[in-house]
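**Q** The sequence shown begins at 1 in my numbering and counts up one residue at a time.
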Amino acid sequence: MITSIVTIKLYASWIHSLKEKRKVIKSLCEKLRKKYNVSVIESDAQDIHQTIILSIAFLAGSTALADSTCEKICDFIDNNTDAEVADVQIDFC
Numbered sequence: 001m002i003t004s005i006v007t008i009k010l011y012a013s014w015i016h017s018l019k020e021k022r023k024v025i026k027s028l029c030e031k032l033r034k035k036y037n038v039s040v041i042e043s044d045a046q047d048i049h050q051t052i053i054l055s056i057a058f059l060a061g062s063t064a065l066a067d068s069t070c071e072k073i074c075d076f077i078d079n080n081t082d083a084e085v086a087d088v089q090i091d092f093c
């Protein structure tokens, strides 16, 4: 079993309040949970309006499956939000 953690930093220039940010995060987290059956949290920068940092964790049976799922998740996020992907960090345990 491979434990995978993907941390994605997004920059959303149009967000001007924490309420707007929460709405974007909630929608994205729900979509990720439904589509990929993963655990998702906002892991940092909760008080910074335009920065979104999400951590996504999941289990995979092999490294190849973990890599594939990470790629799919990153592509999904890129295609389902107007926010710019600033950084992606992937950790396997």
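The C-beta atom is built at its ideal place from N, Cα and C for all residues, glycine as well.
Could you tell me the alpha carbon to alpha carbon distance between K31 and T3, rounded to whole angstroms?
**A** Approximately 21 Å between the Cα atoms of the pair.
**Q** Can F92 be considered in contact with the ligand NAD, in the sense that its beta carbon sits closer than 6 Å to one or more heavy atoms?
**A** For the structure depicted, the ligand NAD is absent and the ligand set is empty, with no information on it obtainable.
**Q** Tell me whether V24 sits in a helix, a strand or coil according to DSSP, three-state version.
**A** V24: helix per DSSP, three-state reduction.
**Q** Terminal residues of the continuous beta strand (DSSP E) containing D91?
**A** It spans 84 to 92 - the beta strand (DSSP E) in which D91 sits, taken as one unbroken run.
**Q** Near I70, what residues of its chain come up, given a Cβ to Cβ distance below 8 Å and the 5 sequence neighbours on each side ignored?
**A** The sequence shown places Cys at residue 70, rather than the Ile named in the question. Correct list, in chain order: S4, V6, I90.
**Q** Nearest CA to the CA of D82: which residue from A45, N37, V24?
**A** Closest by alpha carbon: V24.
**Q** Taking the DSSP output, what are the residues bridged to S55?
**A** Answer by DSSP bridge pairing, in chain order: T7, I41.
**Q** So, is F92 buried or exposed, given that buried needs 16 or more other C-beta atoms within 10 angstroms?
**A** It counts as exposed.
**Q** Which residues does DSSP pair with A60 in a beta bridge?
**A** Per DSSP, I2.
**Q** Kindly give me the distance between the Cβ atoms of V38 and I52, rounded to whole angstroms, as I take these residues to be in contact under 8 Å.
**A** 16 Å between Cβ atoms; not a contact.
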